[in-house]
Ligand SMILES: [Zn+2]
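Numbering (this note's numbering), first residue to last: 119 to 334.
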């Protein structure tokens, strides 16, 4: 089996898993991974992510996001995440990015809104070690950006985040009232970071609920 064939199968498998956890439900969310020709395999938009088949991915050129290969099904359109995934690849070297609509991502971003901050701070959790270069004694900052009417309009804010040295260790960006983008060097790295960050978001939100005085 070619690398790309295996990657397509893995992306489909992950979308089923992530749908089961509520991270890509209601046709929301998305994923990309490396194609054999140096492109990015991109899921289609507006379809049930858990039902996507391995031959239904687009291939885009990550230098500018233009589509270089289309799936045989002619009623599909490339994901709205295209510009963001390509920017994340160019800025962070990520060959795989997950876009989550998980509830914990929205609630975690609310913590930044409550605090009037452009980030959330995650601390005192063993699972922090699942993020490259981060230890369980670090205070890990995850940037939070404003939502926009169209997903591709998030690009300007993402460029600012990627240029901010406070956020160099982060492998995720939260989008208020919307979700998160989480990435890795390859698909399995992105899978790990997606699972780790969802735990970190859930734990941080739950702790804040138990200690509401910490909001002040
Ligand atoms: Zn979205």
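Glycine included, each C-beta is placed from N, C-alpha and C at the ideal position.
{"Check": "Length of the line joining the Cα atoms of residue 249 and residue 174", "Outcome": "31 Å"}
{"Check": "For residue 149, the three-state DSSP class (helix, strand or coil)", "Outcome": "strand"}
{"Check": "Three-way DSSP call (helix, strand, coil) for residue 218 in this model", "Outcome": "strand"}
{"Check": "Separation of residue 143 from residue 183, as counted between CA atoms", "Outcome": "25 Å"}
{"Check": "Buried versus exposed, by CB contacts within 10 Å (16 or more), residue 334", "Outcome": "Confidence in residue 334 is poor, its pLDDT being 41 and thus under 50, which makes the residue's placement unreliable; the coordinate value appears in the next sentence. So residue 334 counts as exposed."}
{"Check": "Reduced DSSP secondary structure (H/G/I, E/B, other) of residue 194", "Outcome": "coil"}
{"Check": "For residue 136, the first and last residue of its enclosing alpha helix (DSSP H)", "Outcome": "121-138"}
{"Check": "Any residue whose CB is nearer than 6 Å to a heavy atom belonging to ligand 1, listed in chain order", "Outcome": "146, 217, 219, 269, 296, 297"}
{"Check": "Beta-carbon contacts of residue 296 that lie in its chain and below 6 Å, excluding the five residues immediately before and after", "Outcome": "265"}
{"Check": "Length of the line joining the Cα atoms of residue 302 and residue 310", "Outcome": "8 Å"}
{"Check": "Nearest to residue 177 (by Cα), restricted to the options 189, 231, 146", "Outcome": "189"}
{"Check": "Proximity winner among 273, 170, 156, relative to residue 148 (alpha-carbon distances)", "Outcome": "170"}
{"Check": "Integer-rounded CB distance, given that residue 214 should sit under 8 Å from residue 281", "Outcome": "Incorrect: roughly 22 Å between the Cβ atoms, too far for contact."}
{"Check": "Between the CA atoms of residue 284 and residue 293 - distance to the nearest angstrom", "Outcome": "17 Å"}
{"Check": "Exposure label - residue 208; buried when at least 16 CB within 10 Å", "Outcome": "exposed"}
{"Check": "Residues sharing a beta bridge with residue 187, DSSP", "Outcome": "177"}
{"Check": "Simplified DSSP assignment, three categories, for residue 316", "Outcome": "helix"}
{"Check": "Residue 262 to residue 121 span [Cα, whole Å]", "Outcome": "34 Å"}
{"Check": "Which of helix, strand or coil DSSP assigns to residue 243", "Outcome": "coil"}
{"Check": "For residue 262, the three-state DSSP class (helix, strand or coil)", "Outcome": "strand"}
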